[in-house]
Every structure is written in structure tokens, then in C-alpha cells.
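S.K.: The structure follows.
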Amino acid sequence: MSSFYIQTYGCQMNVHESEKIAGILRDRGLTACDDVRDADIIVFNTCCVRETAETRVLGHLGRIKSMKKPGAVLAVCGCMTQRREAAEALCKRCPFVDIAVGTFNIHMLGEYIDMFSATGERIIEVWDEPREAREGKPLRDGGVNAWVNIMYGCNNFCTYCIVPYVRGRERCRPIDDIVRDVEELLDSGKKQITLLGQNVNSYKYKDKTFADLLGYLELDRKYRLKFMTSHPKDFSPALAERIAQSKVLSHNLHLPVQSGSDRILAAMNRHYTRSDYLSKVESVRKLVPDIGLSSDIMVGFPTETEADFADTLELVERVEYNNLFTFIYSRRSGTPAAEMPQLDYKTKQARIDRLIKKQFEISKSVADRAVGQTVEVLIAEVKDGKAFGKTESDAAVTLGADGVEQGEFVKVKIVSSVNANLTGEVVK
Ligand code: 5AD
Ligand code: SF4
Numbered sequence: 204m205s206s207f208y209i210q211t212y213g214c215q216m217n218v219h220e221s222e223k224i225a226g227i228l229r230d231r232g233l234t235a236c237d238d239v240r241d242a243d244i245i246v247f248n249t250c251c252v253r254e255t256a257e258t259r260v261l262g263h264l265g266r267i268k269s270m271k272k273p274g275a276v277l278a279v280c281g282c283m284t285q286r287r288e289a290a291e292a293l294c295k296r297c298p299f300v301d302i303a304v305g306t307f308n309i310h311m312l313g314e315y316i317d318m319f320s321a322t323g324e325r326i327i328e329v330w331d332e333p334r335e336a337r338e339g340k341p342l343r344d345g346g347v348n349a350w351v352n353i354m355y356g357c358n359n360f361c362t363y364c365i366v367p368y369v370r371g372r373e374r375c376r377p378i379d380d381i382v383r384d385v386e387e388l389l390d391s392g393k394k395q396i397t398l399l400g401q402n403v404n405s406y407k408y409k410d411k412t413f414a415d416l417l418g419y420l421e422l423d424r425k426y427r428l429k430f431m432t433s434h435p436k437d438f439s440p441a442l443a444e445r446i447a448q449s450k451v452l453s454h455n456l457h458l459p460v461q462s463g464s465d466r467i468l469a470a471m472n473r474h475y476t477r478s479d480y481l482s483k484v485e486s487v488r489k490l491v492p493d494i495g496l497s498s499d500i501m502v503g504f505p506t507e508t509e510a511d512f513a514d515t516l517e518l519v520e521r522v523e524y525n526n527l528f529t530f531i532y533s534r535r536s537g538t539p540a541a542e543m544p545q546l547d548y549k550t551k552q553a554r555i556d557r558l559i560k561k562q563f564e565i566s567k568s569v570a571d572r573a574v575g576q577t578v579e580v581l582i583a584e585v586k587d588g589k590a591f592g593k594t595e596s597d598a599a600v601t602l603g604a605d606g607v608e609q610g611e612f613v614k615v616k617i618v619s620s621v622n623a624n625l626t627g628e629v630v631k
């Protein structure tokens, strides 16, 4: 066996987990290939946050069957297979899947592949909880950003969300390990580090908080530090101060509100009100005026009325997010919201269309206001005569490629904004 192919679904956490799987396979002497037809080992790293994610996995698995090389090992892992029923149903429907594991034993994938190769017997191994923590060396891409997990799992049990059931309770990594990882990554040339956790604001290690951890990462180096995701209930004034004073923290904040209606927020078990949220936004904007805000919003949560949805639209207008990730509520069996009265699909679809339209207008006007400003851009990619980068507030900018290199921080004047796409020129 010499090559592997990994297909990833879902969030950044999964993308980074796939880098860890790639690290395991690299350590066993395999190399990554671009075409699934050439691979000796195929791994599907799955997501189950919405039903569409699971349907996609099943559809793609069906197609892989005829594409994979005879004798290639097919493994499915991650959130979808952590749901034991889903793992069993998937293996029944796809008898050509050789290995199915959940989220808690992904680090064992190498051993499972050896076992399967030795016996030819299919392995379905889903653990109910984490039994050990093993941090390997991920195989990262050649880009400027690197992800670093600071914690795993979630304790919040928002009523719509399957994550706490498939990722378990919060486990935080030791501060020293995180700082060491970040230093090594910067030594290796990375220019941006994104700290990952389901709710980074509740990071706790011994008596240290997330704001303390960020303090340890104020290294005397030029780099950008980002984090996601933040839960508004735990977003503290100390953290806003930390962003304001920091030399390294990016001026952007992903603060998912989910809904603008107090009644829906309570039904979601979010532990904040619309006005709590708005005052947090106001306080962070006061301290960091150029903060770029983004959010996740879900429409069509059970019992959401037109008035609830109007509250969401109004909140979106009021906050003026730079960027919004919008979702149609998806019923996940086993979660409390799955038992509540559901909305029909047409209503949900019509609401998300209105939300997307509203945000597009906002994104355009936020981008228009950036024209004429001079900002610092981190160049992420140089390709076909163009350079692509991000401002401190996390807005994407396109520039001419002349004289700029990937990984450079450059001063850029924003010269135009077309449909929320910014173009800039390097300021000499
Ligand atoms: N249906 C739709 N969207 C969901 N999310 C989480 N659970 C569901 C669900 N059942 C969204 C939330 C979360 C984002 C990562 O996914 O908005 O912030
Ligand atoms: Fe899901 Fe809520 Fe935890 Fe986020 S905070 S992972 S939405 S339960």
C-alpha cells in the first residue's frame, strides 16, 4: 500500500482532523494522492450536523464503490459514524465499506487498517466516550494558516445540536502543549494560527481561562492569531479587552447568534437574550472599532413564527455582520428539538432566501465602506498573476501579484468593491 485519499465533510474541526489522519498515514509511509481511483486507502471523514451532510456522504460512497481500485481499503470515520445507528445503517447499505469508526478512536485508524489487512474482516468500532488522548503530528497543507485544537467536545446541549452527542464533553488541552504547537508552527513558516474548539470561550486548564491562554500566545513574532467558535454566553469583557490590546489577535470575531428572537433563543437553550448579545457586540465594537463580525444563523427552528424570523432579520440589520453563515434547521434525532413541532420545508426555504438576500445587501455596504482605507493584508495565495489575502478584519482582498509573496504582510489601499468583493493596491 502506498497512497491515500481523504474526503472531508463538515467544519474546520473535521478539516483539521483529516490533517491528523493524513499524519497517521504519512507516518506509515503512505503519500497523499489527488485521484481517488489511484488510492490504496480511502478515508471518508464525515459530518452529521445536518441531514444534508449525511445524505451527501451516502451518495458519494455509492459512487466510490465503482471508482475504487480493487483491493483498496475504504474507511469511514467521524461524526456520522459516531452515531452507532448511522454506522450500522451505513455498513448495511454499503457492504464495500471495510472500516467504520467514530470520533473518539480516529487516532487508532492505522491499527485498524493493519488489522483489516491481516484478517480481511470488516471492522466496526465505535467508542461511547474518549478513552485516551493521542495527539499525532498532522500533515498540514502548504498554506499560511494552521489549525490548532485547544479543546474537544461541548457541554452546551443547544436543543437542535447533535455535536455534544458525537463529540462528548469538553476536554481542554494543556496550555504548554498548545503554546509549543504554535511556536513550532511559526518556526515552520506559518503566518496565521487558528485555535479550534466547539466553544473556545469556555476553555479552562487548571486555573487558567481562554483569555489567559491568549496571553501566553502574545509571542514576540509577527503572526495572526484567530479562534473559533465563540459562544456568546461565555464571551467576556476580558476577552474583548484582550483583542483590543493584543499585538497578534486578528480583529475578527465569529460569534454565532443563531436567532434574533428571545423566545427561540430560550427554546434553543442558548442562555443569552437578544439584548445580551447586542450589548456584547456593542462593547467589543467600542474597544475594537474595526472588528469584523461574523455569525451562524439558523432559520426554521421548530415553532419559529414570522415575528420570530422578523426579529432575526432586524438583528442582522442592526449588527451589520461582515459575513454570515446561514442554515436551514435540520431535525436531528436524539436532540430535544427533534421532538418539537416542525415547520414545513417551503417556509424554511423562503426564510433563508430572505435572510441571504438581506445579508448580501449588508455585505455589499460593509465592503463599500472599506474603499479608500489602507489596511494590512496577509497574502494567502499568489496565482495566475493575482494575489489573494485577508485584511485584519478578515475581509478577502484581491491584488496584483507583482512584488508580493505568499505569507507576506503588506499594506494595501482598498480601491474598489464590486458585489462585496474587494480589490486593493499595495502601498509602497
Ligand atoms: N440544523 C441546522 N443547522 C445546525 N447547526 C447546528 N445544528 C444544526 C441543525 N440541527 C448550525 C449552527 C452551528 C453551525 C456550525 O451549524 O448554526 O453554529
Ligand atoms: Fe452545538 Fe451549541 Fe455545542 Fe455549538 S455550543 S457545538 S451549537 S451544542
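All residue numbers for the sequence shown refer to the working numbering, where the first residue is 204 and numbers rise by one. From the three backbone atoms N, C-alpha and C, an ideal C-beta is built for every residue, glycine too.
1. To which residues of the same chain is Phe299 closer than 7 Å at the C-beta, ignoring the five residues directly before and after it?
2. For Ala570 and Cys250, I'd like the C-alpha separation in whole angstroms.
3. Let me check you understand the geometry: is the CB of His434 closer than 7 Å to at least one non-hydrogen atom of ligand 2?
4. Kindly provide the ranges of any alpha helix (DSSP H) runs that are 4 or more residues long and lie completely inside the stretch 231-289, ordered along the chain.
5. Are there 16 or more other CB atoms within 10 angstroms of the CB of Ser568, so buried, or fewer, so exposed?
6. Taking only beta-carbon atoms, is Met543 less than 8 Å away from chain C?
7. Mapping DSSP to helix, strand and coil, what is Asp410?
8. Can Lys616 and Val630 be called in contact, C-beta distance under 8 Å?
9. I need the DSSP call for Arg364, collapsed to helix, strand or coil.
10. What's the C-alpha gap between Val487 and Glu335?
11. Quick check: Thr362 and Pro539, are their CB atoms within less than 8 Å of each other?
12. Given a cut-off of 8 Å on the beta-carbon distance, is the pair Pro341 and Lys223 in contact?
13. Closer than 6 Å from C-beta to any heavy atom of ligand 2: which residues, in chain order?
14. So Gln609 packs on Val585, CB below 8 Å; how close in whole Å?
15. I'd like the list of long-range same chain contacts for Phe504, defined as Cβ closer than 6 Å, with 5 residues on each side in sequence excluded.
16. Is Cys214 a contact residue of ligand 1, with contact defined as CB to any heavy atom under 7 Å?
17. Is Tyr532 close to ligand 1? I mean its beta-carbon at under 7 Å from any heavy atom of the ligand.
18. Looking at the unbroken alpha helix (DSSP H) that takes in Val633, where does it start and where does it end?
19. Report the rounded CA-to-CA distance for Ala242 versus Ala573, giving the unit in angstroms.
20. Below 7 Å, is the gap between the Cβ of Arg554 and the nearest heavy atom of ligand 1?
21. Could you spell out the range, first to last residue, of the beta strand (DSSP E) harbouring Glu628?
22. What runs of the beta strand (DSSP E), each 3 residues or longer, lie entirely inside the stretch 507-579?
M.R.: Walking through what the data contain:
1. Looking up residue 299 in the sequence shown gives position 96. Within the same chain, Phe299 has close Cβ partners Lys268, Leu277.
2. Indexing the sequence shown from 1 puts residue 570 at position 367. Indexing the sequence shown from 1 puts residue 250 at position 47. Cα-Cα distance, rounded: 32 Å.
3. For the purposes of this step, residue 434 is taken as residue 231 along the sequence shown, with counting starting at 1. Answer for His434: yes, Cβ within range of ligand 2.
4. 254-270, 282-285
5. Working through the sequence shown from its first residue, we reach residue 568 at position 365. Classification of Ser568: exposed, given that the 10 Å Cβ count is below 16.
6. Checking the listed chains, one finds no chain C in this structure; it contains a single protein chain.
7. Here residue 410 refers to the residue found at position 207 when the sequence shown is read from its first residue. In this structure, Asp410 counts as coil in the three-state DSSP scheme.
8. On the sequence shown, position 413 is the one that residue 616 refers to. On the sequence shown, position 427 is the one that residue 630 refers to. Yes, Cβ-Cβ distance for Lys616 and Val630 is below 8 Å.
9. Counting from one through the sequence shown, the residue named residue 364 turns up at place 161. In the sequence as displayed, the identity of residue 364 is Cys instead of Arg. Note: Cys364 maps to coil in three-state DSSP.
10. Here residue 487 is taken as the residue at index 284 of the sequence shown, counted from 1. Here residue 335 is taken as the residue at index 132 of the sequence shown, counted from 1. Each residue's Cα considered, the two are about 38 Å apart.
11. Residue numbering aside, residue 362 sits at position 159 when the sequence shown is read from its first letter. Residue numbering aside, residue 539 sits at position 336 when the sequence shown is read from its first letter. Contact annotation: Thr362 and Pro539 have beta-carbon atoms nearer than 8 Å.
12. Translated into the one-based positions of the sequence shown, residue 341 becomes position 138. Translated into the one-based positions of the sequence shown, residue 223 becomes position 20. Yes, Cβ-Cβ distance for Pro341 and Lys223 is below 8 Å.
13. Cβ-based neighbours of ligand 2 within the cut-off: Cys357, Asn359, Phe360, Cys361, Cys364, Val366, Pro367, Gln401, Asn402, His434.
14. Counted from its first residue, the sequence shown places residue 609 at position 406. Counted from its first residue, the sequence shown places residue 585 at position 382. 5 Å between Cβ atoms; contact.
15. Here the question's residue 504 lines up with position 301 in the sequence shown. The residues are Ile467, Tyr532.
16. The sequence position of residue 214 within the sequence shown is 11, counting from 1. At least one heavy atom of ligand 1 is nearer than 7 Å to the Cβ of Cys214, so yes.
17. Here residue 532 is taken as the residue at index 329 of the sequence shown, counted from 1. Between ligand 1 and Tyr532, a heavy atom-to-CB distance of less than 7 Å is present.
18. Since the first residue of the chain shown is 204 and the last is 631, residue 633 is not available in this structure.
19. By one-based count along the sequence shown, residue 242 stands at place 39. By one-based count along the sequence shown, residue 573 stands at place 370. If you take the alpha carbons of Ala242 and Ala573, they lie about 46 Å apart.
20. In the sequence shown, the residue the question calls residue 554 occupies position 351. The answer is no for Arg554.
21. Taking the sequence shown and counting its residues from 1, one reaches residue 628 at position 425. Where Glu628 is concerned, the enclosing beta strand (DSSP E) stretches over 624-629.
22. 526-531
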